[in-house]
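Scroll down for the structure; my scribbles are underneath it.
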Amino acid sequence: MRGMELSLTLTVILASASAILTAFFGYMGARPLDIRKGPRMVPWRFLMILAFTVSLFMVVHLLNLLGIQTKPPERY
Numbered sequence: 001m002r003g004m005e006l007s008l009t010l011t012v013i014l015a016s017a018s019a020i021l022t023a024f025f026g027y028m029g030a031r032p033l034d035i036r037k038g039p040r041m042v043p044w045r046f047l048m049i050l051a052f053t054v055s056l057f058m059v060v061h062l063l064n065l066l067g068i069q070t071k072p073p074e075r076y
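The sequence shown finishes on residue 76 if you use the UniProt record's numbering, and the numbering steps up by one all the way, no holes.
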């Protein structure tokens with residue numbers, strides 16, 4: 001599909017944004033629990049894993065855009 005391709009610029013922006021979100025979610029998930037405020041209602045660690053997964057896919061896509069093959073070798 002012609003309109004569905006990610007350009008190099010957009011891939012770098014998305015990879016950077018997801019890496020920043022991963023760090024932020026990791027920081028928020030590692031903070032100590034404040035019992036006076038009650039339970040945490042935002043699953044920070046799960047969001048961190050999702051953001052890391054997106055950044056991993058963006059890095060692989062970036063490597064493919066730069067010409068590095070990331071597919072496994074072909075078998076006989």
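Virtual Cβ for every residue (Gly too), placed ideally from N, Cα, C.
All values derive from a computational prediction rather than experimental measurement.
Item                                                                                                                                                                        : Value
Is it right to say M41 is buried, meaning 16 or more other beta carbons lie within 10 angstroms of its own, or is it exposed?                                               : exposed
What residues in its chain sit with their C-beta under 8 Å from that of N64, if we drop five residues either side in the sequence?                                          : T70
By DSSP, does S55 sit in helix, in strand, or in coil?                                                                                                                      : helix
Please classify residue 117 as buried or exposed, where buried requires at least 16 neighbouring CB atoms within 10 angstroms.                                              : Not covered by the structure: residue 117. The range shown for the chain is 1 to 76.
Leaving aside the five residues before and after M28 along the sequence, list all residues of the same chain whose C-beta is less than 6 Å from its C-beta, in chain order. : W44
How do the stretch 51-63 and the stretch 30-39 stand: do at least 3 beta-carbon pairs fall below 8 Å, yes or no?                                                            : no
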